[in-house]
Structure formats: structure tokens, C-alpha cells
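Counted the way mature numbering (1 follows the signal peptide of the UniProt record, and there is no 0) counts, the sequence shown spans residues -17 to -1, 1 to 1155.
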Amino acid sequence: MRTALLTALAFCAAAFAQLSVVDEYVRKQTPIAKAGVLANIGPNGSKSSGAKAGVVIASPTTHDPDYVYTWSRDSALVFKGLVDEFTRGEDDSYRQLIDDYVAAQAILQHVANPSGNVSTGGLGEPKFNIDLTAFTDGWGRPQRDGPALRATTLTTYANWLLGQRNASHVTKTLWPVLKLDLDYTATFWNQTGFDLWEEVSSRSFFTSAAQHRALREGAALAFKIGQWSSAAEYLKQANNVLCFLQSYWNPTGGYMTSNTRGGRSGIDANSALASIHNFDPLAGCDSATFQPCSDKALSSLKVYIDSFREIYPINHGIPANKAVATGRYSEDVYYGGQPWYLTTAAVAEQLYDALIVWKRQKSLVVTKTSLAFFRQFLPNVKTGLYLSTSSTYKTLTREIRDFADGFLAVNAKYTPADGALSEQFHRDDGSQLSAKDLTWSYSATLSAFAARKGLTPASWGAAALIVPRVCKANPGPTVQATFKVVASTQDGETLHLTGSIDALQSWDPVDSLPLSPESGDIWSITVTLPASTNFEYKYIRKLNGVTTWQSDPNNVQSTPATGSYTINDRRLVSLRATNSSRVPYKMQYLRLLSLISLAAYAWCQSSVVDQYVATESPIAKAGLLANIGPSGAKSSGAKAGIVIASPSTTNPDYLFTWTRDSSLVFKTIIDQFTSGQDTSLRTSIDQFLAAQTALQQVSNPSGTVSTGGLAEPKFNIDGTAFTGPWGRCATFFPGLSVKLISSLDGPALRATALIAYSNWLVANSNSTFVTSKVWPVIKLDLDYVATFWNQTGFDLWEEVSSSSFFTSAVQHRALREGIALANKIGQSSVVSGYTTQANNILCFLQSYWNPSGGYMTANTGGGRSGKDANTPLASIHVFDPAAGCDAATFQPCSDKALSNLKVYVDSFRSIYSINAGIASNAAVATGRYPEDVYFNGNPWYLTTNAVAEQLYDAINVWKQQGSLSVTSTSLAFFRQFQSSIATGTYASSTSTFTSLISAIQTFADGFIAINAKHTPANGGLAEQYDRNTGSPLSAVDLTWSYASALTAFSARKGVLPASWGAKGLTVPSTCSGNTGPTVQVTFNVVATTVFGENIFLTGSLDALKSWSPDNALALSAANYPTWSITVTLPANTNFEYKYIRKFNGAVTWESDPNNSNTTPATGSVTFNDSWR
């Protein structure tokens, strides 16, 4: 009894002593840590010299290691701490810092870097220089946690602002930044990236957890501010991530595996950090979201802590239930593998968070999973619920509080007298190591201190979530299966495994899994397989290129529901040599049935498509002609040769003529005429020429014929200018009355249509008509293209102002064939200039390719994924049958065009209800781009036709050249139709060529069949059809829909367009832009301001920052109250602009209307204005 009493007294004394140590450490270290954080934030931090405002430097250490950079992850976590303090009312002085951080991140998002630009993956770039420029040296990239963590920080701030009735600041300033990050997260969450330690490229638990939180709270914010479509997508992907999160759990080891690969144990601080950064006090001890007090989080924490007890000498002699120093992971070798302040603080924080929840809910639960954790403190505790009134609850919470304090005491012990926190401390003696004054160390310390005080973050929506029963992009529960087989082998011979499920490579001998040799002729491999699954498999031998399958029958097994198991197979003595294409007998039978079924399906589909083509062709042609003035049945009021987009006058009003649509429609008509299919179309073509000649000279909001007016996208159908607001982007900028839209594809497409007509005229000895009537129109358009191709304009959907792949591709074609026509008709003076710019565009075209995603990024801006019908439309409208499968010009059968097509098509498989249940290698309805919200985002007839047309074009070229090539780029496309296909060239005499052509023809017909299914009985083609029901939507009788049907039908028949000169082109090694002639423009505005207020300028041109208030140009107040700036602008250009005021983060636009001016042809000009 006396011994027990003394032991208890000793324990109490030790606990009290530790409590005193920690209390003192918290008191002393809090102001030091806070100062340490602020010292590392630019521009005024004492250790942040050179850092821009709002930029967090990781550490002021410049060598061994050099950490004077800003990491997206670290910065977001640091500012989350500051935002939490600010929104809790602890420090109001942080507001300016937070606004500076928002501004800095808005800039960084748009900095092109080695991971890409804002629309091609650049948001995954982990670190930047502290002056906000790109860090371009080698590094572990991309890292996908940064965008999610930044979104979480800004969402917290945005929610506070909404609570303060400042929704405008959220929608104008924060949401654009948030949306980019959330869109990136929603798109790329299931892609691999480097973990938070920047060492393992895989999927990472910390990243997935952060992504789930960001999407979940981002959806809630989107709902609050009316961003419904974004909210729906974020919720959908959040559910997918939540489902995937469960797959990290290792039930055998009792911990969350930190990464899906990397060759380590998976026991990692990653998991404790995930738990504290996903803490939602309203979620209780929810296991699915890994809340700090959940049984899985507690079990994982114990496993993690225990992994460091023996490997660090400073931990030796510490009892097994006491706190120790912890590091990143036990296998760590960075700086010799040391304890970290932030990881040790994270353990304490998780325990404090757990205590907060138990106290709040007045109970704790011990489960089988968490039993080992709790038995550290009460060896005899059993599973069950313990109320706060019970002695068990009181004992456990007291012990765990002491345990938590112990980790802070460890950090306190190894914190020097001045309170400075480095990254690491030495495993042998506790002395500081690596980067000094690590910002994250200070921030982690403050966060743990806050949790110790009982402070909680705001809820982010983790309460009462239900994990989906079926995970998208996640195979569900898995088990570890070890296959062992006894087999003697020859020198150089190897054993492989394949079978009936994806994880066993689906009977593919080429990609079969290699086994490793052990002692005694034993070969083995461990594979992750889906749980509770029946499967078949076989072993195969490989020697000198010969594959030998195990003899029949197939081996059969079932995986268990959980855990792991070993399959021991007998000695392989009955192996039958075969060629490499042999498949197990059961699979041969199944494939035979499959081929029979496929043939029947293809025949049936072909009949449907044949019938549709036969009935729809005359309807489509009539529908097209009905929309052309003056005699078209539905074109009342349209001048001769004018194409109306649609006769719809409301919801939407499309009774206008677009240069783009008109040119594409008349290119179809001209092709029919010049090929001899319909000679009656000549009059309509001449009327189109006359109408476009007149329209070129119509002054409009984009300018005159010499000042940019050729890029005006649409006109009234009587040939007059449309002067109302246009463009669905105009509402994005409050205070801006009209955002001018220049659609730079129109002049190029019109030139291409008229060049096709001119070539026919020249061939029919009518060069005089070409030079006198057609060439003047073509030359205006080509001169415009040659001058302005490198300027931004709106894409073909008139929503994104940037460079656009479709536009660049058609501009290149127009110039290239314009050169050939100019040589034919003696207009050689333009050839050199056009040639230079065509080469420049061809070079620039290559920059749209996204090699990691395997697709052409549709636009250089816009914040979307870049997967867009823009790209297959470009491919079919630059098709040159003489160019073969050239990738540089994106020919339909090129490897890049095919890879792109698969990515584009697949992006619609799961988002439209009418596509549900369709096989992954069969045709589906497609739309403009997966993020589309116009009319709710639906399939379009013309985009679905475009996919079919590209495939038909590809087939026509393969047949023409007598072969097809499969490259590593196009391999995924071809493996949709033949899963074992290898890279190489297949002649038309091979069975591979024959089977692929047949399968791709069926695939192409499938897209026509989809449109046929959703075409009403009268054959009328609207713009769209409903994603849920297939009923026609939006504008009726869309002329472009009819034209797209006709061109797809023509390609199906094997009709080839004329060559335009794409064959044999060489991409220049150096790309050059073309700014065209410029002038110096001085803007003076008289404006009185208050102290600290400044005047800025923005407008409709690139040089005026394209109406961006964030990037607006700052004017000088040297001659106050006159503010001035001189800017280089393109000559002969009509433009609009406004002045704006900025004060304390608020932006005030000048009142309507916009200022409008035209630059001179040469020299300089001054515009004098007064603030309105």
C-alpha cells in the first residue's frame, strides 16, 4: 500500500512539474512564435527582405538549406492560423496582412511555372521565388495540396466577410482565387502528385483529406453566393474524395497509410497533420473524416508515435506511455532523419482537439480499433461508452491531457533560450538543425497552444457525412494477396502473372506482372486486389521474346473481405508453349461471344446510322438554306447572303448573324458546290461574298475596317452594326458597362471559305473575278490575322478572353492557304509577311499541348480544365488529307488529336445522365466543355457530330495511306478498342489494322447514333439537348447544327476536302509574336483623392489589362490632381477604357458609359479626361 501511494504521489508530482513547465513555455513562447511568424511575412517582416506584400518566406536561411522561397502549402497553413486568430477577434491588426496574402496568391496563381500556367496545371506548383516569380529549377512537382489548403484559408476569411455583410468583396476579390483552386482540386484530386514532404509521387492521405475539406466547404460557400453549378460539382467530387479517403486505412497495422506508394511503411506525420487540419468540432469523433478523437485517428497516432520511441537516442528511457520527440517518418534520412518541432506539436494538438470534443459531448468511446491507444493509460479499459461522470472517463482524459502536454514539454526542452524554432532538432542531443526560424514551426506551435486553451476552429461541414457506397475512381476495399509458385527456370527466363481483373492486367501478357525469385525455385509477388472478389489467373514464362502460358484450366480464387492472404501454387510442370497472343481458354470463349455480340451490335448501329443519314441529310440541308437571306423560309428580314444563327428570338435571341457561324456554314456550301454536289449554290455563295464585303466596312463597337472592326463577332441581320452589350463575361466586372468582344477566329474562317471559292474560280479560268471581287475581302481578313493573331480575343463560345487553340489553328490555316492563293494570282507582295506570321503561329500552336494530361488546352486563360470541343472542332476544320497524321497541325489521325479526343469524350461520360450505363469505349453525347453552365451545361448536336467527323477523317487517311501508327501518345486511345495493342505501325494487310478500323468506324457511328436518338421526328436540330432527358434545348433550328451534320455525313462517305498546304511543314525552332504597329498613348485624368487612394486604368485591350481591376495600370500623381500614364497601344485600333479608384482594398469604377477612343496610325496621342 505504501509503495502504491508513493508511486501515485510521484506521478502527481511529475505531472504537476510538467504542467508548470508547459504553462511557462506557452506563456513565454506565444509572443515569440507570433513574432517569428510575422517576421517572415513580406514586405515589412524583419526577416523577409525582398518578399512581396503578403508573401510568406519558409525560413530566412539562405544555405544548408536555402529556404528563402514561398511554398503554397506552408503559406496557406500559416495564414490559416492568422485568419483563425483574426476571425475569432484575437488580433484585428491582421486584416491588412490577410488582404495582402489574398492579393499575392491571386498573382501567383497566374505565374507560369514548370508545372504549367493557370489553366494547364500551374496551380500545382509547390514553391515560388519571394518576389512572386517562378522557381524554375528541378523540384518535386506537382504538389496538389497547396490549392486545397489555400482554398480552405480563403474560405474561412470569406465566411467571416459574409458574416460582416461584405459579400461584394467575396465575389469580386476572393471567389475568383478560390474558384481556380477549387476547380483545380475538383479536376485533379485523383491524380498523383508529390506528398507534403516533396519526396513521394503518389496519392497522399494528407492531400486527399485537405482536398475533401476544401471542396466540401467550397461548395457551401458557392451556395451562399449563388454559384450553384460550381457548388454541385464540388459536392460531387467531395463525395468521391470522401469515398477514396477510406482506402488509405491499413486495418492490419491500425494506421492510415500516408501514401499509396513510395516503398515506405506508410507510418507518417502526414496522418496526424491531416487530422488536425481537418478538425471540425461539430463532427464529433467521426472516423470517415479522420476527426482527432476518432478511433482510426487515435490508433494511427499511437502507431506513429511508437515508431520513434527507439530510433531517436533522446527518446531512450522514456516509458512507453509517455511523450517522445517525433519526426516525419521513421525511415527519414533528410539531415539524418531528425525530430521536427511541427510534427511533435501536431501530436499534442490532435490530443487537445480530441479532449475538446470529449468534453463537449460529455463522453468518450473506446472501440476495438482504439483500444490499444486507450490501454496506454488504463491497461484494463474495455471497449464501450464512458460518460463524463465515470471514473474511467476522468482518468483517461486526465492521462491524455498529461500525454498531450508531454509533447509540448519535449519541444520546450529542446527550444533554445531565445525561443527560436528551427525546422528540426538533433536526434542525439536535441540541438537545432536545418532551417532556422521556420515559419511553419512557429505557426504549428501557436496552433497547438490555441487547442490547449480549448479554442476551436469553425465547422466546415464534416458532421453527419455519409460515405458513398460506390466510389468513383476508387476500387473500394482492397486486400493484399501474395502469389507464390514453385518453378524452375532457364537463365534469362522470368515468370509473370496475369488474370481476369484490372489489378492483374486483364489477361494482358505484355503488361503482365513480373514475379521475384526467392530461394528454392520459389517466385512470388504481392498485389493489391479488390476485396470479396472472384477472379481467375495464370502464370506465364517469358524468354527471348517468347511467351509460354500455364496449361489449362485457369486458376480460380476469391479474395477475402479484409486483411491479407497468400496463394501457394504447386510446381509448374505442365506449361504449353504458345505465341504471345494466346489467351486462356475461357477468355477465348468469352472473346468469341463478345465478337459475335459486337458484330451484331455494329451491324444494328450501322443500319440505324445509315437510315439517319439518309433521312436527315435533306432535312439538314433544307434547314441550313432556310436560315440564309433573303429567300430562306426562316430568314425573314435578312439581307441577301446573310446567315442567321437561328430563327429563335427569345430564350435565347439568336436572330443575328455571326461571322464565325456564317463562314463555317458557307464553307460547307462552297465545298458542296466546288465538288460538284450542288451547282445551284453559286448564287448563294456570290451573295455571301457581297454581304461580307459590305459587313467588313460597317463601323461597330470593335472599330472600323482599319481599327479592329473586322473582329466584331455579330451583326444585325439587315447588315447594320449590333451595338448592344455582348458576351456572357460582361457581368463579371461590376462597374463595367460593356466588355468589348473581339472574336479573332471570324476573319480567318471567312478567309478560308472565300479562298476555297477562289481556288475553284481560278481553276475555272476566272482569275479576274478573284482579283477584283474576292481578293480585296480576303486580303483585309488576312492582313488582320497577320497583324493581330498574337492578341487575345474571345474564344468560339464567346466566354473566355485569351489565346484560343481553335482560333490559332484556323488563323494558321488561313494564312497558309492565303499564301498559296496570293502566289497564284500575282499578289506576291503579301507572301513574305504572311509566311512569317504563319510560321510564328505554327510554332505557337505547339504550346497548347498538355503532355501530362494528353490533350490540347483549349484556351490560355479562363480557369477551366481546358478540355473543350474547341479542339476536335479545330482538328476537323484544319483537316488536310495530304498531310497524313501530322501532329504539328493537329490532323485528325495524329497521335495528339486522338489522345485529345479520348480525354475530351471521357470528360462527359459521367456528367450527363443520358450517358449513364454506356460502356467506357462506346460513344456518348458530348458538349462544349465539362464545366459548362450555359443552359445548365448540356450536350450539343454540333460537338457530338464533330467527334464522329474527326474519327471518319482519321479512318479516311489511314485507308488512303495503307497503314496506321500507334504511339505512346495515342496508345490509350487505341487500347479502348484492342486492350493489348502495342506501339508500332500496322499495315492495312494486318488483322490489327482491320480490327481497329472496324472498331473505330463503329465508335464513330455511335456518335451519329447518339444524335439520331435525340433528334425529334421532324429532323429539326436545336443547339443543345437535355443532359437528363435528351429533349432539344436552347435555340431551335441552329444553322451550325445543320452544317455540322452535313459535314460529318460527308466524312462518313469518304469525301475528302481539298488540301490547304499542311503537308511537310516544319515547326520553327524559335517562336516569335507579332505586335503590329504601335503608338504611344498618354492618359490624363483629373481626379481628387483622399490620402492613400490611387487611380488606375484598365480597358478592352491586352495592353490595358483586358478589364482586370486586379492588374489595372497605376497612374502617377506627379501633377496632382491630374493623374497620368503613358502606354504603348496597337495602332489604328478602336478601344474602350475606364479609370478606377483603389483605397484600403476597395475598388471603385468610374461611372458608365465606358470611355471610347481610337489610336492613330503612327506617332503618339494624349487623351485628357475627368473622373466621372
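Just so it is clear, CB atoms sit at the ideal spot from N, CA and C, and this is done for glycine as well.
Bear in mind the structure is a predicted one, so any value in this text is a computation, not a measurement.
Query                                                                                                                                                                                                       : Result
Within this structure, are the beta carbons of L607 and T1022 separated by less than 7 Å?                                                                                                                   : yes
Starting from S981, trace the alpha helix (DSSP H) both ways and give me its first and last residue.                                                                                                        : 974 to 996
State buried or exposed for I611, treating a residue as buried only when at least 16 other CB atoms are found within 10 Å of its CB.                                                                        : buried
Quick check on this structure: which residue in L438, D869, S283 has the alpha carbon closest to the alpha carbon of R343?                                                                                  : L438
Only counting the same chain, and skipping five residues up and downstream in sequence, which positions put a Cβ closer than 7 Å to that of A792?                                                           : L828, A857, V861, F873
Sorted by chain position, which residues of the same chain lie with C-beta nearer than 6 Å to R199's C-beta, five sequence neighbours on each side aside?                                                   : A221, G444
Using a Cβ-Cβ cut-off of 7 Å (strictly less than) and excluding sequence neighbours within five positions of S811, which residues of its own chain qualify?                                                 : A805
Does the distance from the CB of A1086 to the CB of V1062 come in under 7 Å?                                                                                                                                : no
Which of the three DSSP states, helix, strand or coil, is assigned to G910?                                                                                                                                 : strand
Looking only at its chain, what residues have a beta carbon closer than 7 Å to the beta carbon of M570, apart from the 5 residues adjacent to it on each side?                                              : A caution first: M570 carries a pLDDT of 37, below 50, which makes its placement in the model unreliable, though a value can still be read off. Closer than 7 Å at the Cβ level, and outside the excluded window around M570, lie W490.
Count the other C-beta atoms from every protein chain shown that fall within 10 angstroms of the C-beta of V529, then say buried if there are 16 or more, exposed otherwise.                                : exposed
With a threshold of 6 Å on Cβ separation, who are the neighbours of P130 within its own chain once the five nearest residues in sequence on each side are excluded?                                         : L106, D164, Y167, T168
Short of 6 Å in beta carbon distance, which residues of its chain neighbour G718, apart from the five on each side in sequence? Order them along the chain.                                                 : Confidence at G718 is low in this model, with a pLDDT of 38, below 50, so its placement is unreliable and the value that follows should be read with caution. W1132, listed in sequence order.
Between N1117 and the rest of its own chain, which residues show a CB-CB distance below 6 Å, the 5 nearest in sequence each way excluded?                                                                   : G686, T690, G691, T1141
How about Q407 and W323: do their beta carbons lie closer than 7 Å?                                                                                                                                         : yes
My assumption, with CB atoms under 8 Å, is that I113 sits in contact with V51. Please give the rounded CB distance.                                                                                         : 6 Å
If we count Cβ pairs, one from each stretch, closer than 8 Å, do we get three or more for the segment 1014 to 1032 versus the segment 924 to 938?                                                           : yes
What whole-angstrom Cβ distance do S353 and S282 have, given they're in contact under 8 Å?                                                                                                                  : 5 Å
Whether or not the segment 955 to 974 and the segment 1032 to 1048 are in contact is what I'm after, with contact meaning three or more pairs of Cβ atoms, one per stretch, closer than 8 Å; do they touch? : no
On the criterion of 16 or more Cβ atoms from any shown chain inside 10 Å, does I449 qualify as buried, or is it exposed?                                                                                    : exposed
Please state the DSSP three-state secondary structure of G201.                                                                                                                                              : helix
Going straight from the alpha carbon of T175 to that of A306, what length do you get?                                                                                                                       : 34 Å
Using the rule of at least 16 other Cβ atoms within 10 Å of the residue's Cβ for burial, across every protein chain shown, is S102 buried or exposed?                                                       : buried
Beta strand (DSSP E) containing E1119: first to last residue?                                                                                                                                               : 1117 to 1126
According to DSSP, is L438 helix, strand or coil?                                                                                                                                                           : coil
Could you compute how far the alpha carbon of V9 sits from the alpha carbon of D120?                                                                                                                        : 40 Å
If you reduce the DSSP assignment to three classes, tell me which class N1151 lands in.                                                                                                                     : strand
For the structure I just gave you, are there three or more beta carbon pairs, one from the segment 470 to 490 and one from the segment 502 to 521, closer than 8 Å?                                         : yes
For F356 and K285, I'd like the C-alpha separation in whole angstroms.                                                                                                                                      : 6 Å
When you compare each of G837, S629, L379, R56 to V1019 by their alpha carbons, which one comes out closest?                                                                                                : S629
Quick one: Cα of P234 to Cα of A464, how far?                                                                                                                                                               : 15 Å
What's the call for P875, buried or exposed, on a 16-neighbour Cβ count within 10 Å?                                                                                                                        : buried
Buried or exposed for T751, going by 16 or more other Cβ atoms inside 10 Å?                                                                                                                                 : exposed
Opposite residue 1162 in the DSSP bridges: which residues?                                                                                                                                                  : This structure does not reach residue 1162, given that the chain is present from -17 up to 1155, and the question cannot be answered.
Tell me the DSSP secondary structure of G816 in three-state form.                                                                                                                                           : helix
Terminal residues of the continuous alpha helix (DSSP H) containing residue 1157?                                                                                                                           : With the chain covering -17 to 1155 only, the question about residue 1157 has no answer from this structure.
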